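Asker:
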Amino acid sequence: MDTDDTDDMDDMDDMDDDDMDRQSVATLQQENQRLREQVAALEEERNEARARYQLMEDMLEQSNVPTCLWIGEEMIYHFANHAYRVGTGKHHPIGKPLREVFEEREIPGLTPVLEQVYASGKPQVVNEALVRLPNVETGAEEERWYNLVYNPVCDEHGKMVGVSNFAVEVTAQVRARQELHRQAQILEQVRGSVVVTDLEGTVISCNRDTTRIFGYQAEELREKPILTFYPPEEQERLRKEVLAFLQTQTELEIEITTWNKAGKRFPIRLSLSLLRNDSGTPIGMIGYAVDISERKQREQELQIFKTLVDAAPDGIGIAALDTGQVIYANPAYRTMFGYGDEVIGTHWEVLSAESSERLAQLAQDIIEQSSWHGELNCRRKDGSIFPVSSSSIVLRSPDGQIFGLAGIARDLTEQKQAEAERLTLQQQIIEAQRDTLRELSTPLIPIADDVVIMPLIGAIDSRRAQQMLETLLEGVAHYQAALVILDITGVRVVDTQVAQTFIQAAQAVRLLGAQVMLTGIQPQIAQTLVHLGIDLRDIITRGSLQAGIATALNSNGR
Numbered sequence: 001m002d003t004d005d006t007d008d009m010d011d012m013d014d015m016d017d018d019d020m021d022r023q024s025v026a027t028l029q030q031e032n033q034r035l036r037e038q039v040a041a042l043e044e045e046r047n048e049a050r051a052r053y054q055l056m057e058d059m060l061e062q063s064n065v066p067t068c069l070w071i072g073e074e075m076i077y078h079f080a081n082h083a084y085r086v087g088t089g090k091h092h093p094i095g096k097p098l099r100e101v102f103e104e105r106e107i108p109g110l111t112p113v114l115e116q117v118y119a120s121g122k123p124q125v126v127n128e129a130l131v132r133l134p135n136v137e138t139g140a141e142e143e144r145w146y147n148l149v150y151n152p153v154c155d156e157h158g159k160m161v162g163v164s165n166f167a168v169e170v171t172a173q174v175r176a177r178q179e180l181h182r183q184a185q186i187l188e189q190v191r192g193s194v195v196v197t198d199l200e201g202t203v204i205s206c207n208r209d210t211t212r213i214f215g216y217q218a219e220e221l222r223e224k225p226i227l228t229f230y231p232p233e234e235q236e237r238l239r240k241e242v243l244a245f246l247q248t249q250t251e252l253e254i255e256i257t258t259w260n261k262a263g264k265r266f267p268i269r270l271s272l273s274l275l276r277n278d279s280g281t282p283i284g285m286i287g288y289a290v291d292i293s294e295r296k297q298r299e300q301e302l303q304i305f306k307t308l309v310d311a312a313p314d315g316i317g318i319a320a321l322d323t324g325q326v327i328y329a330n331p332a333y334r335t336m337f338g339y340g341d342e343v344i345g346t347h348w349e350v351l352s353a354e355s356s357e358r359l360a361q362l363a364q365d366i367i368e369q370s371s372w373h374g375e376l377n378c379r380r381k382d383g384s385i386f387p388v389s390s391s392s393i394v395l396r397s398p399d400g401q402i403f404g405l406a407g408i409a410r411d412l413t414e415q416k417q418a419e420a421e422r423l424t425l426q427q428q429i430i431e432a433q434r435d436t437l438r439e440l441s442t443p444l445i446p447i448a449d450d451v452v453i454m455p456l457i458g459a460i461d462s463r464r465a466q467q468m469l470e471t472l473l474e475g476v477a478h479y480q481a482a483l484v485i486l487d488i489t490g491v492r493v494v495d496t497q498v499a500q501t502f503i504q505a506a507q508a509v510r511l512l513g514a515q516v517m518l519t520g521i522q523p524q525i526a527q528t529l530v531h532l533g534i535d536l537r538d539i540i541t542r543g544s545l546q547a548g549i550a551t552a553l554n555s556n557g558r
């Protein structure tokens with residue numbers, strides 16, 4: 001190679017190096033541009049996050065709820081809003097640990113609560129916590145009460161890094177309740193039940209007579225709703241009455257049913273009045289109740305009896321003993337027999353489909369035993385007969401003389417029909433299940449015009465063996481099969497009885513002009529068959545169902 005050729009090659013190498021340098025520079029410039037764009041995007045995200053954080057901090061700073069944030073186990077103040085700083089009198093807590101800002105006596109019990117938050121990682125709530133803080137105006141220390149909420153604060157990895165605190169002052173409510181309690185002591189000696197509640201109806205205190213009348217201890221009633229004294233059917237009525245009372249702020253006096261601890265109901269006359277503080281603002285209610293059971297007992301018993309009997313779904317009737325005529329019938333009884341109001345005065349024998357002899361004996365049994373229960377056949381006005389479940393008792397006058405017989409009758413027509421339908425359906429289900437089980441225990445599946453398969457799974461007893469044989473023969477005849485494959489892959493145990501079943505099946509099938517192929521013989525079953533000396537020469541065998549099917553299909557030119 002001459003000198004000119006060498007120079008040309010050097011020039012080409014220099015050009016290649018220059019191209020590579022230019023490409024590298026371009027690549028670096030592109031990567032630099034991408035990194036700048038990524039940095040700009042991250043910077044934008046950081047600015048947005050800062051803005052959101054600042055917005056949140058501004059919102060918390062302006063909130064009326066005292067709020068702070070402690071970081072680390074040393075509980076260093078990271079944030080405390082204006083309401084917190086002013087309310088606590090701690091104007092410069094940021095960066096200081098909690099123990100330097102507050103003394104234990106100022107917020108007793110705070111340390112254990114914070115330790116529990118760190119230990120459990122779960123929020124903790126302390127209601128009506130006593131806090132000793134300086135008065136904002138005078139600087140003198142005073143007691144206040146707060147509902148305190150402590151929430152764990154975690155980083156983006158879920159690790160707990162601090163605790164936030166929200167405080168809602170409830171001093172006014174606590175002091176109002178204390179005042180209610182003080183005034184309730186004045187009423188301790190008043191006769192009758194006197195109960196003092198707050199405006200929500202929560203019991204603050206009660207006098208001694210309340211515990212006597214209602215059977216509760218005073219401690220059981222404190223902080224319970226006033227509705228505790230009233231059964232469910234009266235609670236809605238009382239709630240409406242009290243709501244109207246609070247709206248009008250006038251005295252309320254009503255008669256209402258209450259109950260004691262044992263569940264016994266009794267009527268009272270209830271008077272409600274408002275309890276006010278020194279400025280005249282309502283702070284609670286005073287309820288005064290007097291037991292009026294003696295005055296209301298008789299009319300209440302009559303009303304309850306009438307209400308219960310009229311509303312009863314069963315027929316209730318009374319017949320006079322001397323005449324045998326119906327003297328009372330509730331609405332259900334009148335409807336059941338189809339007479340309506342005409343049933344009054346009807347002789348009870350007209351309403352029965354039983355013989356006169358049995359009715360006479362039945363009346364005698366009721367009188368002698370004072371009660372009777374059983375089934376009877378009754379007759380409606382239209383002549384139709386229906387069954388009833390009847391319970392009868394004797395009625396006595398104040399001097400002990402029997403004057404009538406009372407009966408409760410429940411129409412059993414629908415029940416009897418339902419029972420009959422249920423028994424019919426039950427029998428149908430049993431038969432359907434029996435057929436299904438029979439098909440599942442010995443299924444017969446055709447796979448070609450003259451080949452059927454019977455896969456067997458589980459244990460084979462004498463009953464199932466007979467069923468298998470019947471199904472097999474019926475299937476061979478029905479499908480006109482030339483080959484029956486008995487697959488025993490799912491049969492784990494083969495004894496003499498099972499082996500004989502296979503032999504019988506093969507013989508029976510052969511009589512119908514078909515052959516039996518046995519597939520799925522497990523090694524242990526093969527050993528058992530050899531040990532038992534079972535002769536399977538007339539039965540075709542294959543190691544698996546797949547091999548058996550292949551043989552069957554190939555032998556038929558498929």
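Taking my numbering, the leading residue of the sequence shown gets 1, the next gets one more, and so forth.
By construction, the Cβ of each residue, glycine as well, lies at the ideal position given by its N, Cα and C atoms.
Please read these numbers as outputs of a predicted model, since none were measured by experiment.
1. Determine the direct distance from the alpha carbon of M468 to that of L553, and round the result to whole angstroms.
2. Here's a check: name, in chain order, each residue in its chain whose Cβ is nearer than 6 Å to the Cβ of R105, leaving out the five neighbours to either side.
3. Which class does L553 belong to by DSSP, given the choice of helix, strand or coil?
4. With the cut-off set at 8 Å, would you say N277 and E179 are in Cβ contact?
5. Less than 8 Å between the beta carbons of G201 and P225, yes or no?
6. Within 10 angstroms of the Cβ of L148, are there 16 or more other Cβ atoms? Answer buried if so, exposed if not.
7. Please work out which residues of its chain come closer than 7 Å, Cβ to Cβ, to L483, disregarding the five sequence neighbours upstream and downstream, and give them in chain order.
8. Please classify R50 as buried or exposed, where buried requires at least 16 other C-beta atoms within 10 Å of its C-beta.
9. Quickly, what does DSSP pair Q325 with across the bridge? List them, please.
10. Between the stretch 487-497 and the stretch 531-545, can you find at least three pairs of beta-carbon atoms closer than 8 Å?
11. For the beta strand (DSSP E) containing V161, name the first residue and the last one.
12. Would you mind working out which of A505, D198, A363 and V194 sits nearest Q173, comparing C-alpha positions?
13. Could you tell me the alpha carbon to alpha carbon distance between Y146 and D314, rounded to whole angstroms?
14. Do E188 and N165 have their beta-carbon atoms positioned less than 8 Å apart in this structure?
15. If we ignore side chains and look at the alpha-carbon of each, how far apart do Q249 and T228 end up?
16. Spatial neighbours of K296 within its chain, please: C-beta separation below 7 Å, excluding the five flanking residues on both sides.
17. Within a Cβ cutoff of 8 Å, which residues of the same chain sit near A332, ignoring the five residues on either side of it in sequence?
18. Flag this pair as touching only if the stretch 75-90 and the stretch 57-64 have three or more C-beta atom pairs under 8 Å; answer yes or no.
19. Identify whether P152 lies in helix, strand or coil by the three-state DSSP scheme.
20. So what's I304 in DSSP terms, helix, strand or just coil?
21. Measuring alpha carbon to alpha carbon, tell me which residue in D487, A459 and G458 is nearest I472.
22. For the stretch 375-435, which segments carrying the alpha helix (DSSP H) assignment without a break, of at least 4 residues, lie completely within its bounds, in sequence order?
23. Quick one: is G87 buried, meaning 16 or more other Cβ sit within 10 Å of its Cβ, or exposed?
24. Would you say the beta carbon of L423 comes nearer than 7 Å to a heavy atom of the ligand ATP?
25. What alpha helix (DSSP H) runs, 4 residues minimum, are completely inside the stretch 446-517?
26. Per the DSSP calculation, D291 is bridged to which residue(s)?
27. Is it the case that the Cβ atoms of I327 and I344 are separated by a distance below 8 Å?
28. Cβ of I292 within 8 Å of Cβ of R265?
29. Rounded C-beta distance between A390 and G407? I'm assuming under 8 Å.
30. Per the DSSP calculation, P282 is bridged to which residue(s)?
31. Is the Cβ-Cβ distance between E572 and N135 less than 8 Å?
32. Note down, in chain order, each residue of its chain lying with its Cβ closer than 6 Å to the Cβ of V131, except the 5 sequence neighbours on either side.
Answerer: On the basis of the coordinates in this document:
1. Along the sequence shown, read from residue 1 onward, the residue named residue 553 stands at position 553. Along the sequence shown, read from residue 1 onward, the residue named residue 468 stands at position 468. Looking at the two C-alpha atoms, the distance is approximately 24 Å.
2. By 1-based counting over the sequence shown, the position of residue 105 is 105. Nothing listed; no residue qualifies.
3. One-based indexing of the sequence shown puts residue 553 at position 553. In the structure shown, L553 sits in a helix (DSSP, three-state: H, G or I).
4. For the purposes of this step, residue 277 is identified with residue 277 of the sequence shown, where counting begins at 1. For the purposes of this step, residue 179 is identified with residue 179 of the sequence shown, where counting begins at 1. It is a contact, given that the beta carbons lie within the stated cut-off.
5. Here the question's residue 201 lines up with position 201 in the sequence shown. Here the question's residue 225 lines up with position 225 in the sequence shown. Yes; because the gap between Cβ atoms is below 8 Å, this pair is in contact.
6. Locating residue 148 in the sequence shown gives position 148, counting from the first residue. Buried is the call here.
7. Stepping through the sequence shown from its first residue, residue 483 is reached at position 483. Answer for L483: D450, V451, A514, Q515, M517 and A552, listed in chain order.
8. Sequence index remark: in the sequence shown, residue 50 carries index 50 (1-based). Exposed is the call here.
9. Numbered from 1 along the sequence shown, position 325 holds the residue referred to as residue 325. Q325 is bridged to H347.
10. yes
11. Here residue 161 refers to the residue found at position 161 when the sequence shown is read from its first residue. Element bounds for V161: M160 to E169.
12. Indexing the sequence shown from 1 puts residue 173 at position 173. Taking only the C-alpha atoms, the option nearest Q173 is D198.
13. Within the sequence shown, numbered from 1, the residue matching residue 146 stands at position 146. Within the sequence shown, numbered from 1, the residue matching residue 314 stands at position 314. Each residue's alpha carbon lies about 59 Å from the other.
14. The residue you call residue 165 lines up with position 165 of the sequence shown. The residue you call residue 188 lines up with position 188 of the sequence shown. Not a contact, by the Cβ cut-off of 8 Å.
15. Counted from its first residue, the sequence shown places residue 249 at position 249. Counted from its first residue, the sequence shown places residue 228 at position 228. The alpha-carbon atoms of Q249 and T228 are separated by roughly 23 Å.
16. The residue you call residue 296 lines up with position 296 of the sequence shown. Excluding positions up to five away in sequence, the list reads P267.
17. Counted from its first residue, the sequence shown places residue 332 at position 332. For A332, where only same-chain residues beyond five positions count, the Cβ hits under 8 Å are A312, P313, D314, G315 and I316.
18. yes
19. Along the sequence shown, one-based indexing puts residue 152 at 152. In this structure, P152 counts as strand in the three-state DSSP scheme.
20. As a first step, residue 304 is located in the sequence shown; it is residue number 304 there, counting from the start. Looking at I304 - three-state DSSP - the assignment turns out to be helix.
21. Locating residue 472 in the sequence shown gives position 472, counting from the first residue. In the sequence on display, residue 472 carries Leu and not Ile. Among D487, A459 and G458, the Cα nearest to that of L472 belongs to D487.
22. none
23. Stepping through the sequence shown from its first residue, residue 87 is reached at position 87. Buried.
24. This structure simply doesn't include the ligand ATP, nor any ligand for that matter.
25. 462-479 and 496-511
26. For this step, residue 291 is matched to residue 291 along the sequence shown. In DSSP, D291 forms a bridge with I268.
27. Translated into the one-based positions of the sequence shown, residue 327 becomes position 327. Translated into the one-based positions of the sequence shown, residue 344 becomes position 344. Yes; because the gap between Cβ atoms is below 8 Å, this pair is in contact.
28. Numbered from 1 along the sequence shown, position 292 holds the residue referred to as residue 292. Numbered from 1 along the sequence shown, position 265 holds the residue referred to as residue 265. No, the Cβ-Cβ distance between I292 and R265 is not below 8 Å.
29. By one-based count along the sequence shown, residue 390 stands at place 390. By one-based count along the sequence shown, residue 407 stands at place 407. A small correction: the amino acid at residue 390 is Ser; Ala does not occupy that position in the sequence shown. Right, the Cβ-Cβ distance comes to about 6 Å (below 8 Å), so this counts as a contact.
30. Indexing the sequence shown from 1 puts residue 282 at position 282. DSSP output for P282 lists R276 as bridge partner(s).
31. This structure gives no information on residue 572, because the portion of the chain shown stretches from 1 to 558.
32. Taking the first residue of the sequence shown as position 1, residue 131 is located at position 131. Cβ within range, chain order: I107, R144 and Y146.
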